[in-house]
Amino acid sequence: MREGVTAVSQSIYNLHMTIFWICVVIGIIVFGVMFWSMLMHRKSRGAKPATFHENTLVEIIWTTIPFLILVFMAIPASKTLIEAYNADEAEIDIKITGYQWKWKYDYLNEKIGYFSNLSTPRDEINNLKPKNANYLLEVDEPVVVPVNKKVRFLITSADVIHSWWVPELAVKKDAIPGFINEAWTKIEKPGTYRGQCTELCGKDHGFMPIVIEAKSEEDYQLWLASKQEQAEKEKELTSKEWTMDELMTRGEKVYNTTCAVCHQPNGEGMPPVFPALKGSTLITTGDVKNHIDIIVNGKQGTAMQAFGKQLSEVDIAAVTTYERNAWGNNKGDMVTPQDIVKFNEAAQ
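Last residue of the sequence shown: number 348 in full-length UniProt numbering, and the count goes up by one each step with no gaps.
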C-alpha cells in the first residue's frame with residue numbers, strides 16, 4: 001500500500017500498518033503456542049491428555065481478550081473512516097462522469113467541463129513501438145486542482161458501472177448510473193498523480209486512465225482562465241465559416257481520439273460488433289442525415305453509443321465530414337457545425 005500524498009491517505013496507511021502489526025503479534029502468539037503445544041505434548045514424550053472439561057475462567061479470558069483487541073482496533077479505524085467520509089466545506093466541486101471509455105470533468109462553480117481521453121499512441125498499444133513509462137496512464141486533458149484546497153468529487157456514470165481510483169489520494173469510488181457517490185481530497189504538494197478505472201466496464205476497460213495535476217494556486221488560476229477562454233472560443237467556432245481542409249484536420253483528430261478504438265484508425269472496424277466505416281453504404285457513403293443521426297443518437301441494440309452530449313457541434317460536424325471523405329470514401333460532403341445545430345433543433 002502506498003503512503004500517498006494527502007492527510008487522509010497517510011491516515012489510511014498508518015491504520016493499515018497498525019492493524020497489520022497487531023495481526024502479526026497475534027499470529028506469532030497463537031501459532032507459537034500451537035506449535036509449542038504440539039512439540040512439547042506429543043505422544044512420543046509420554047504426554048497424557050488432560051481430562052478437565054469446561055473451564056469458566058479460561059472461556060472468559062479467551063472471550064474478553066479478543067473483544068478488547070477489537071475495541072482497540074475500532075478506535076483508530078472509526079476515526080479514519082469519519083475523516084475519509086467527511087466531504088463538508090469543500091472549496092471546489094468537480095462532477096466526474098464515466099463513459100465507455102473516457103471520463104468527463106465538470107467544474108461546477110467555475111462553469112467549465114471537458115472530456116479526458118487516453119492519449120497513449122495506438123502504435124504502443126499494438127506493439128509497433130516500445131511502451132513508455134506511463135503506458136495506458138496518460139490522457140489528453142488531466143484533472144487540474146490547486147494544492148491545499150479541499151476538492152469534492154461527485155462521481156456518477158452515463159452508461160455502465162465504472163470506478164474512479166487514484167491510489168496516492170486514497171480515493172476509490174464506484175461511478176453508478178443514476179447515483180452520485182461522494183469523495184474528496186486535499187493535496188498538499190504539487191505533482192502528477194495517476195489512477196485507473198477499476199471496474200470491468202467493457203471491452204476497453206483498461207483504456208480509462210485518470211491523471212490529476214496538482215498546481216500552486218497561481219498556476220491553477222492561470223489554467224482556469226485559459227480553460228474558460230478556450231470554452232468561449234469553442235462556442236464562437238459554431239458560427240465560423242469552415243473550409244473542407246479545416247474540418248478534415250479537426251475531424252481526423254476527433255476520430256482518432258473518440259472512434260478509432262472501435263472502428264480502427266483505418267476505418268475497417270471489427271465486424272460484426274464494430275462495423276467498417278470504410279466504404280459503408282449504410283453509414284458513411286449513404287444518406288448524410290442518417291450518418292449524423294447515428295453519431296448524435298447512437299444505435300439501439302448495438303455497441304454504438306450516443307455522442308450528442310459528448311461532442312460539440314463543431315466536433316460532430318468535423319468527424320462526420322472526415323468519415324465521409326477518408327479511406328477512399330470521397331463523398332465530397334462537407335457537414336458544418338450549423339448543420340448539426342439545425343439537426344438538433346429539428347429533433348427537439
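Think of the CB as a built atom: it goes at the ideal place given N, C-alpha and C, for glycine as much as any other residue.
Taking only the alpha-carbon atoms, compute the straight-line gap between P130 and G195 and give it to the nearest angstrom.
-> A direct Cα-to-Cα measurement between P130 and G195 gives close to 21 Å.
P209, enclosing beta strand (DSSP E) - first and last residue = It spans P209 to K215 - the beta strand (DSSP E) in which P209 sits, taken as one unbroken run.
Taking I82 as the reference, which of V8, S116, I65 and V145 has the closest Cα?
-> With distances taken between Cα atoms, I82 lies closest to V8.
Let me know the secondary structure DSSP gives P272 once reduced to three states.
-> Three-state result, P272: coil.
Pick helix, strand or coil for A347, following the three-state DSSP scheme.
-> In this structure, A347 counts as helix in the three-state DSSP scheme.
Can you name the residues that DSSP bridges to T86?
-> Position check: residue 86 holds Asn in this sequence, whereas Thr was assumed. N86 pairs with nothing; no bridge assigned.
Taking the CB atoms as reference points, tell me whether T285 and N325 lie closer together than 7 Å.
-> For the 7 Å CB-CB criterion, T285 and N325 do not form a contact.
Where K186 and E217 are concerned, what is the direct C-alpha to C-alpha distance, given to the nearest angstrom?
-> Pairing K186 with E217, the inter-Cα distance amounts to about 13 Å.
Y135 versus A260: straight-line alpha-carbon distance, rounded | Distance between Y135 and A260, taken at the CA atoms: about 18 Å.
Pick helix, strand or coil for C259, following the three-state DSSP scheme.
-> In the three-state reduction of the DSSP assignment, C259 falls in the helix class, which pools H, G and I.
Enumerate in chain order the residues of its own chain whose CB-to-CB distance from K240 is below 7 Å, with the five nearest sequence positions on each side excluded.
-> Same-chain partners within the cutoff: there are none.
What does DSSP give as the partner residues of P146 in its beta bridges?
-> BP columns for P146 point to K215.
Under three-state DSSP, which class holds I316?
-> Three-state result, I316: helix.
Report the partner residues of A183 according to the DSSP bridge assignment.
-> A183 pairs with F153.
Euclidean distance between Cα positions of M334 and T238 = Looking at the two C-alpha atoms, the distance is approximately 14 Å.
How about the segment 98–105 and the segment 152–167: do they share at least three Cβ pairs that are nearer than 8 Å?
-> At 8 Å Cβ cutoff, the stretches touch.
What whole-angstrom Cβ distance do T336 and A317 have, given they're in contact under 8 Å?
-> The C-beta distance from T336 to A317 rounds to 5 Å, short enough to meet the 8 Å contact threshold.
So is F31 buried or exposed if we call it buried at 16+ other beta carbons inside 10 Å?
-> By the neighbour-count rule (16 or more Cβ atoms within 10 Å), F31 is not buried but exposed.
Counted within 10 angstroms of its Cβ, other Cβ atoms place M270 as buried (16 or more) or exposed | Its Cβ having fewer than 16 others within 10 Å, M270 is exposed.
Please name the residue in I125, R250, E323 and W223 whose C-alpha comes closest to that of S280.
-> Per the Cα distances, E323.
Leaving out the 5 sequence neighbours to the left and right, which residues in its chain are closer than 8 Å to I283 when beta-carbon positions are compared?
-> Within the same chain, I283 has close Cβ partners P275, L277, N290, H291, I294 and E323.
Counting only runs that start and end within the segment 71–121, where is the beta strand (DSSP E) found for 3 or more residues in a row?
-> For the segment 71–121, whole beta strand (DSSP E) runs of length 3 or above, ordered along the chain, are 92–99, 102–107 and 112–116.
Under 7 Å between the Cβ atoms of T198 and S163?
-> Result yes, Cβ atoms of T198 and S163 sit closer than 7 Å.
Below 7 Å between beta carbons: does that hold for L108 and D88?
-> Taking C-beta atoms as the reference points, L108 and D88 fail to come closer than 7 Å.
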